[in-house]
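Enquirer:
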């Protein structure tokens with residue numbers, strides 16, 4: 057029951073890798089976007105908010121197809137990247153891109169709520185002491201928003217780990233290259249007698265997601281104690 061085959065191990069490791077890089081690479085843009093939506097007023101703010109949350113509304117297959125049109129070999133972004141020897145369609149890096157886009161709305165929502173809960177008076181007080189806006193953000197705003205940052209990272213990682221529709225449409229289901237846990241589970245379910253392998257991967261998916269949630273809770277409790285002590 058617990059004897060994982062090579063394809064299963066590859067799917068597990070690739071899923072963790074895709075989840076990690078999707079979360080990490082989308083974090084800086086997620087912080088900037090969430091802060092802009094929470095604190096700034098600018099033309100097109102509603103449009104930006106709609107675009108950010110569009111992947112939550114669109115069917116994942118549609119998102120994957122749009123990525124294929126844009127970043128595929130014949131797409132405008134695909135041809136542009138090809139000039140630099142970069143290809144993401146049908147590659148694990150494409151799985152990272154698809155997972156990052158699907159998890160981005162969840163990351164931004166958690167971060168935006170965290171920024172909105174911070175009292176602007178604290179930031180203004182730091183500004184009156186001579187701190188630049190960037191320094192105020194780094195030393196006051198971001199530390200106070202860390203619980204939201206952690207929550208957003210966990211949500212983005214979990215979404216990336218479970219992403220299926222956009223990923224399989226954009227990068228297919230290639231063992232060892234783009235076959236993540238959901239894709240591997242789907243593939244095993246199509247093979248008679250392979251239900252045991254699918255169940256093993258389901259259990260691993262649950263354990264990894266649960267471990268991420270537990271880690272998030274532990275970090276948030278430790279952070280809350282540290283903030284209370286200061």
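Residue numbers (our numbering): 57 to 286. Glycine included, every Cβ here is placed at the ideal spot set by N, Cα and C. Since this is a predicted model, take the numbers as computed values, not measurements.
Return helix, strand or coil for residue 65, following the three-state DSSP convention.
Expert: Your numbering for residue 65 matches position 9 in the chain shown. Helix, per DSSP.
Enquirer: Would you list, in sequence order, the uninterrupted alpha helix (DSSP H) runs of no fewer than 4 residues that lie entirely inside the region 152-217?
Expert: 176-184 and 189-192
Enquirer: Any beta carbon from chain B within less than 8 Å of residue 157's own beta carbon?
Expert: Here chain B cannot be found, since the structure has a single protein chain.
Enquirer: Residues in the same chain with beta-carbon distance under 8 Å from residue 203, minus the five sequence neighbours each way, listed in chain order, please.
Expert: As a working note, residue 203 is residue 147 in the chain shown. Same-chain partners within the cutoff: 170, 276, 279 and 280.
Enquirer: If we ignore side chains and look at the alpha-carbon of each, how far apart do residue 250 and residue 194 end up?
Expert: Here residue 250 corresponds to residue number 194 of the chain shown, with the count starting at 1. Here residue 194 corresponds to residue number 138 of the chain shown, with the count starting at 1. Approximately 51 Å, taken between the alpha carbons.
Enquirer: Within the continuous alpha helix (DSSP H) that includes residue 221, where are the two ends?
Expert: Here residue 221 corresponds to residue number 165 of the chain shown, with the count starting at 1. Unbroken alpha helix (DSSP H) run through residue 221: 221-227.
Enquirer: Less than 8 Å between the CB atoms is what I'm expecting for residue 168 and residue 93, so what's the real figure, rounded?
Expert: As a working mapping, residue 168 is identified with position 112 in the chain shown. As a working mapping, residue 93 is identified with position 37 in the chain shown. Contact check for residue 168 and residue 93: beta-carbon distance about 5 Å, within the 8 Å limit, so the pair qualifies.
Enquirer: Does the beta-carbon of residue 96 have 16 or more other beta-carbons within 10 angstroms, so that it is buried, or is it exposed?
Expert: For the purposes of this step, residue 96 is taken as the residue at position 40 of the chain shown. Around the beta carbon of residue 96, a 10 Å sphere encloses fewer than 16 other beta carbons of the protein chains shown; the residue is thus reported as exposed.
Enquirer: Among 205, 262, 161 and 147, which has the Cα closest to the Cα of residue 224?
Expert: Numbered from its first residue, the chain shown carries residue 224 at position 168. Ranking the options by Cα distance to residue 224, first place goes to 147.
Enquirer: Which of the three DSSP states, helix, strand or coil, is assigned to residue 287?
Expert: The structure shown does not extend to residue 287, since the chain is modelled only from 57 to 286, so the question has no answer here.
Enquirer: Just to check my reading of the structure: residue 160 and residue 71 have Cβ atoms closer than 8 Å, yes? What is that Cβ distance to the nearest angstrom?
Expert: Here residue 160 refers to the residue found at position 104 when the chain shown is read from its first residue. Here residue 71 refers to the residue found at position 15 when the chain shown is read from its first residue. Rounded, the Cβ-Cβ distance is 18 Å, inconsistent with contact.
Enquirer: Can you tell me the Cα-Cα spacing of residue 257 and residue 182, whole angstroms?
Expert: Residue numbering aside, residue 257 sits at position 201 when the chain shown is read from its first letter. Residue numbering aside, residue 182 sits at position 126 when the chain shown is read from its first letter. The alpha-carbon atoms of residue 257 and residue 182 are separated by roughly 50 Å.
Enquirer: Can you say whether residue 57 is buried or exposed, counting buried as having 16 or more other CB atoms within 10 angstroms of its CB?
Expert: In the chain shown, counting from the first residue as 1, residue 57 sits at position 1. In this prediction, residue 57 has a pLDDT of 45, which is less than 50 and means its spatial position is unreliable; nothing more can be read from the coordinates.
Enquirer: Evaluate contact between the region 212-231 and the region 111-125, counting only Cβ atoms and requiring at least three cross-stretch pairs below 8 Å.
Expert: yes
Enquirer: Quick one: is residue 264 buried, meaning 16 or more other Cβ sit within 10 Å of its Cβ, or exposed?
Expert: In the chain shown, the residue the question calls residue 264 occupies position 208. That one is buried.
Enquirer: If distances are taken between C-alpha atoms only, which option among 61, 164, 149 and 200 comes closest to residue 78?
Expert: Position 22 of the chain shown, counted from the start, is the residue given in the question as residue 78. Looking at the Cα atoms, 149 is the closest of the given residues.
Enquirer: Just to check my reading of the structure: residue 207 and residue 64 have Cβ atoms closer than 8 Å, yes? What is that Cβ distance to the nearest angstrom?
Expert: To locate residue 207, count along the chain shown from 1; it is residue 151. To locate residue 64, count along the chain shown from 1; it is residue 8. The beta-carbon separation of residue 207 and residue 64, rounded to 30 Å, does not stay under the 8 Å limit for a contact.
Enquirer: Could you give the first and the last residue of the continuous alpha helix (DSSP H) run that contains residue 97?
Expert: The residue you call residue 97 lines up with position 41 of the chain shown. Segment: none, residue 97 is in no alpha helix (DSSP H) and carries neither H nor E.
Enquirer: How many angstroms separate the CA atom of residue 59 from the CA atom of residue 153?
Expert: The residue labelled residue 59 in the question sits at position 3 within the chain shown. The residue labelled residue 153 in the question sits at position 97 within the chain shown. Straight-line Cα distance between these residues: approximately 31 Å.
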